[in-house]
Amino acid sequence: MTLSLVLQAIFAGVTNGIVYALVGMGLSAIFKGSRVINAMQGEFAVIGAMTTVLLLTRTGWPYPAAIAGGAVAGALVGAFIEVAFVRYMARKNASEDSFLLLTIGLALTLSASVLFFIGRDGHLLPPLGGEGVLIILDAVIQFHALWLIAIGIGATLALRAFYHRTTIGLSMMAASIDADGAATTGINVGRMRTFTFVLGGLLGALGGILVTPLIGVDYQLGLNLTLKGFAAAVLGGLTNPLGAAVGGLTLGLVESLAIIGISSSYKDVVAFSVLIIIMILMPQGILGRAGRRGG
Amino acid sequence: MKPRTLPWLALGLVVWAALPFIVPRYMADLLVFTGIYTVAGLGIGLLLGHCGIVNLAQATFYGLGAYASAYCTVMMGLPSIVGFIVGAVISMVLAYVIGRPILRLTGYFLALGTLALSAIASALFFEWDWLTGGTLGIGGIPKLDVFGFLLDRPSRYYFFVWIVAFACMAVAHNLVDSRTGLMLRSMRDSSTAAAALSIDLQALRTKVFVVCALFGSLAGSLFAHHVSFVSTQSFTVDRSISFLLIPVIGGATSIPGIVVGALFVTFLPELLSKLGDIHQILFGLALVAVVVLMPEGLVGAFGKLRTRFAKREGGGHG
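Residue numbers (my numbering), protein chains in the order written: chain A, 17 to 311; chain B, 183 to 500.
Put into structure tokens, the structure is as follows:
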């Protein structure tokens, strides 16, 4: 095992880890705000990426505008799902399982819609920062991956600031901790739950847009990202979106370091085994009880 | 059994026996699949309806059964029954070994733990191509031969599959009707109270998980002998999800509900496919509609409707 091989694995791990972190943060934000495990979180990534692809290729928007459009599409779909389905089911006191099944059904519908309206083919987006690569000790990292890492870190810090500094963010936290208490202080709890889904959709879409220049997007991408995002969220303690960022990075690094020298399709086996083991041995996530507090 | 139900039962039996001969061949084929899916769905229904466990790993055991049958008959030339037994034993042992630790999880964590299990199994089926043939699969699995009757047509295989399905239903019914069933219900409704009555929840959940795996494996073996060809595409996470839909759509607590659910997931996509490629979207929407509007499944919704009508007929204000 050479140093450059390890370094290469670390590059890949951090890059994938940021994507898992973004999807996981969205999942975790939704769970925190609504107690719904969103099994279609990966579909937000597909929606964001596909919208960006369509805006770029069919309507000729400039790339930054197309990216913004993709992210907004994710946020809008998130809001729609909360208003159209979750709100109604929450009023009827639906069980945990029914919410899970609802989001599974929505994931099937969305993935089938992409297949029907856009087709079976995968699509790529142009890499941010051009086609260039950076070479450190024979290990290669694309400029796009550096952008991805920077944007991912930026999004994480922005999310932290949002939860701690803004009125809406603080209200969302209050509504998730004690809905009745929040309602008595004049917070519109139902609207906060909608915002939660907007936030989840936005983060998922961003993850999808950023990963597309590297691996492409097709109608089947969603499920795998959902699982990885869930693993990231569980590692971070599930109710803490920033914990999910740590969880995503950990997951990305573990799976890429573990497959040095063996077939890369064992990557998923490693990732999901880690998920199961962590859930059984550390139900609070790798950060422990401390990770459950805070935004 | 009430005397009134007897004629209905006889009528049902006649319809059941006549069905494969009156419907077109492709429908007989679908009815075989309905039987296979009923077997697989029964196990998930037991877990969901009586233990409150969402099992998203059934494609794993379905795959184990199918590959055991394929490998034993094609690669080793053994009789079909050996494949059934090998698959069942491997599945039950695996379910026990994995179930002990994983069933300590609850709610969402357990659901996603089983989903992760299915994803792992699906990756391993793909990777261990010396055993499974990978994406190329294993072909030429012989048709079943029962006491000299070669079950080489859907209309013949239909009877075999459904007799197995009825036997599994009887096993599930007895399990639910027995002391175990009472313990299961007490566990589902209040696990603390059940534990206080010295019911070993862990062992009980594992037991039902093992039964579920056994049904999954049987269904897989039946599937392998029906289609004669198995490959990794049949045992993905998507398949686990569609198996879970069977009890969700039909109603997890009732055994006829499982049959209704199995009919739904086999026939609806086929009927909708006449509308063209849009059918998968419609299927997804149908699922969402069932989950949102009928949380107890089709059978539960039908039961509710019937009580409402019964009340009205009785002159009440319903």
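For every residue, glycine included, the Cβ atom is placed at its ideal position computed from N, Cα and C.
### Message
Restricting to Cα atoms, I'd like to know which of B/Phe266, B/Leu467 and B/Thr414 is closest to A/Leu118.
### Response
Taking the first residue of the first sequence as position 1, residue 118 of chain A is located at position 102. The candidate whose alpha carbon is nearest that of A/Leu118 is B/Leu467.
### Task
Please go through the same chain and pick out, in chain order, the residues whose beta-carbon is closer than 6 Å to the beta-carbon of A/Gly264, but skip the five residues on each side of it.
Within the first sequence, residue 264 of chain A is the residue found at index 248, counting from 1. Contacts found: Gly33, Tyr36, Ala37, Gly40 and Ala248.
### Task
State the DSSP-derived secondary structure class of B/Asp327, mapped to helix, strand or coil.
Along the second sequence, read from residue 1 onward, the residue named residue 327 of chain B stands at position 145. The answer is strand: DSSP assigns B/Asp327 an E or B state.
### Task
Kindly list, in the order they appear in chain A, the residues whose Cβ is closer than 7 Å to that of B/Glu478.
Position 296 of the second sequence, counting from 1, holds the residue named residue 478 of chain B. Result: empty, since nearest Cβ-Cβ is about 10 Å, beyond 7 Å.
### Task
Quick one: grab the DSSP three-state call for B/Leu332.
Position 150 of the second sequence, counted from the first residue, corresponds to residue 332 of chain B. Strand, per DSSP.
### Message
Under 8 Å, CB to CB, which of the residues in the segment 283 to 302 of chain B have a partner in chain A?
### Response
Closer than 8 Å at the C-beta level to chain A, one finds these residues of the segment 283 to 302 of chain B: Pro283, Ile284, Arg286, Leu287, Gly289, Tyr290, Phe291, Ala293, Leu294, Gly295, Leu297, Ala298, Leu299, Ala301 and Ile302.
### Message
Which same chain residues end up closer than 6 Å to B/His499 when comparing Cβ atoms and leaving out the 5 residues on each side of it in sequence?
### Response
Position 317 of the second sequence, counted from the start, is the residue given in the question as residue 499 of chain B. Because B/His499 carries a pLDDT of 44, less than 50, the predicted location of this residue cannot be relied on, and the following value inherits that uncertainty. If we look at B/His499 and ignore the five residues flanking it on each side, it has no Cβ neighbours.
### Task
Compare the Cα-Cα distances from B/Ile226 to each of B/Phe215, B/Leu238, B/His408 and B/Tyr278 and report the closest residue.
Looking up residue 226 of chain B in the second sequence gives position 44. The shortest Cα separation from B/Ile226 among B/Phe215, B/Leu238, B/His408 and B/Tyr278 belongs to B/Leu238.
### Query
Is B/Phe405 near B/Gly247, with beta carbons less than 9 Å apart?
Residue mapping note: residue 405 of chain B aligns to position 223 of the second sequence, counting from 1. Residue mapping note: residue 247 of chain B aligns to position 65 of the second sequence, counting from 1. Yes, the pair counts as a contact, with Cβ atoms nearer than the cut-off.
### Query
Closest by CA to B/Phe307, which one among B/Gly319, B/Thr296, B/Gly439 and B/Leu297?
The residue given as residue 307 of chain B occupies position 125 in the second sequence. Minimum Cα distance to B/Phe307 is reached at B/Gly319.
### Message
With a threshold of 9 Å between beta carbons, is B/Gln462 in contact with chain A?
### Response
On the second sequence, position 280 is the one that residue 462 of chain B refers to. So, interface residue.
### Query
In chain B, which residues lie less than 9 Å from A/Met105 when you measure between Cβ atoms?
Residue mapping note: residue 105 of chain A aligns to position 89 of the first sequence, counting from 1. Under the 9 Å cutoff, chain B gives Val473, Val474 and Pro477.
### Task
For A/Leu153, I'd like the list of residues in its chain whose CB is within less than 8 Å of its CB, leaving aside the five on either flank, ordered along the chain.
As a first step, residue 153 of chain A is located in the first sequence; it is residue number 137 there, counting from the start. Here the set comprises Leu19, Ser20 and Leu23.
### Query
Do A/Leu141 and A/Thr68 have their CB atoms nearer than 9 Å?
Residue numbering aside, residue 141 of chain A sits at position 125 when the first sequence is read from its first letter. Residue numbering aside, residue 68 of chain A sits at position 52 when the first sequence is read from its first letter. Yes, the pair counts as a contact, with Cβ atoms nearer than the cut-off.
### Element boundaries [beta strand (DSSP E), containing A/Ala100]
Locating residue 100 of chain A in the first sequence gives position 84, where the first residue counts as 1. It is not in any beta strand (DSSP E) - A/Ala100 carries neither H nor E in the DSSP assignment.
### Query
For the putative contact between A/Leu173 and A/Ala45, defined by C-beta atoms under 8 Å, what is the C-beta separation to the nearest angstrom?
Walking along the first sequence from the start, residue 173 of chain A turns up at place 157. Walking along the first sequence from the start, residue 45 of chain A turns up at place 29. About 15 Å; that fails the 8 Å criterion.
### Query
What does B/Leu480 pair with, by DSSP beta-bridge criteria?
Numbered from its first residue, the second sequence carries residue 480 of chain B at position 298. Answer by DSSP bridge pairing: none, since B/Leu480 is not bridged.
### Task
Spatial neighbours of B/Leu454 within its chain, please: CB distance less than 7 Å, with the 5 preceding and 5 following residues excluded, ordered by chain position.
The count along the second sequence starts at 1 and reaches residue 454 of chain B at position 272. Correct list, in chain order: His461, Leu464 and Phe465.
### Message
I want to see whether chain A comes within less than 9 Å of B/Phe391, judged by CB atoms only; does it?
### Response
Translated into the one-based positions of the second sequence, residue 391 of chain B becomes position 209. It does not; no Cβ of chain A falls within 9 Å.
#### Entry: Where B/Gly500 sits in the DSSP three-state scheme
Position 318 of the second sequence, counting from 1, holds the residue named residue 500 of chain B. With a pLDDT of 37 at B/Gly500, under the threshold of 50, the modelled position of that residue is not reliable, and no figure is offered here.
### Task
Find the nearest neighbour of A/Gln158 within the set A/Ile167, A/Ala166 and A/Glu147, judged by alpha-carbon distance.
Residue numbering aside, residue 158 of chain A sits at position 142 when the first sequence is read from its first letter. Answer by Cα proximity: A/Glu147.
### Task
Step through the CB atoms of chain B and report whether any lies within less than 9 Å of the CB of A/Ser279.
What you label residue 279 of chain A is simply residue 263 of the first sequence in a count that begins at 1. Closer than 9 Å: yes.
### Query
By the criterion of Cβ-Cβ separation under 7 Å, what are the contact partners of A/Phe288 in chain D?
This model lacks chain D altogether, as its protein chains are A and B.
### Beta-carbon gap between B/Ser251 and B/Gly265 smaller than 9 Å
Numbered from 1 along the second sequence, position 69 holds the residue referred to as residue 251 of chain B. Numbered from 1 along the second sequence, position 83 holds the residue referred to as residue 265 of chain B. A contact, by the Cβ cut-off of 9 Å.
### Query
When the cut-off is 9 Å and only beta carbons count, does A/Pro257 lie next to chain B?
Here the question's residue 257 of chain A lines up with position 241 in the first sequence. Chain B, which has no Cβ nearer than 9 Å to the Cβ of A/Pro257, makes this no.
#### Entry: Continuous alpha helix (DSSP H) stretch holding B/Val472: start and end
Position 290 of the second sequence, counted from the start, is the residue given in the question as residue 472 of chain B. His461 to Leu475 is the span of the alpha helix (DSSP H), which, as asked, contains B/Val472.
### Query
With respect to the beta strand (DSSP E) encompassing A/Gln158, which residues constitute its N-terminal and C-terminal limits?
Position 142 of the first sequence, counted from the first residue, corresponds to residue 158 of chain A. Run containing A/Gln158: Ala155 to Gln158, per the beta strand (DSSP E) assignment.
### Query
Counting only beta-carbon atoms, is A/Pro299 nearer than 9 Å to chain B?
Here residue 299 of chain A refers to the residue found at position 283 when the first sequence is read from its first residue. Between A/Pro299 and chain B, the shortest Cβ-Cβ separation is below 9 Å.
### 4 or more residues per run - each alpha helix (DSSP H) lying fully within the segment 387 to 459 of chain B
419 to 432 and 437 to 454
### Query
How about the segment 253 to 260 of chain A and the segment 426 to 438 of chain B: do they share at least three Cβ pairs that are nearer than 8 Å?
Because the criterion of three Cβ pairs below 8 Å is not met, the segment 253 to 260 of chain A and the segment 426 to 438 of chain B do not touch.
### Contact list for B/Ile196 against chain A, beta-carbon separation under 8 Å
Counted from its first residue, the second sequence places residue 196 of chain B at position 14. Per the sequence presented here, residue 196 of chain B reads as Val, with Ile not at that position. Residues of chain A passing the Cβ test: none, with the nearest at roughly 36 Å.
### Query
In its own chain, which residues sit with a C-beta less than 6 Å from the C-beta of B/Pro202, not counting the 5 before and 5 after it?
Position 20 of the second sequence, counting from 1, holds the residue named residue 202 of chain B. If we look at B/Pro202 and ignore the five residues flanking it on each side, its Cβ neighbours are Ala210, Ser337 and Tyr340.
### Host beta strand (DSSP E) of A/Ile152 (start-end)
Along the first sequence, one-based indexing puts residue 152 of chain A at 136. From DSSP, the beta strand (DSSP E) with A/Ile152 extends over Val149 to Ile152.
#### Entry: In chain order, each beta strand (DSSP E) run of at least 3 residues that lies wholly inside the segment 265 to 296 of chain A
none
### Query
Along the segment 393 to 406 of chain B, what residues have a CB closer than 7 Å to any CB found in chain A?
Listed by position, the residues of the segment 393 to 406 of chain B near chain A (Cβ gap below 7 Å) amount to none.
### Query
What does a CB cutoff of less than 7 Å around A/Val205 pick up in its chain, not counting 5 residues either side in sequence?
Here residue 205 of chain A corresponds to residue number 189 of the first sequence, with the count starting at 1. Ala191, Ala195, Ala198 and Ala199.
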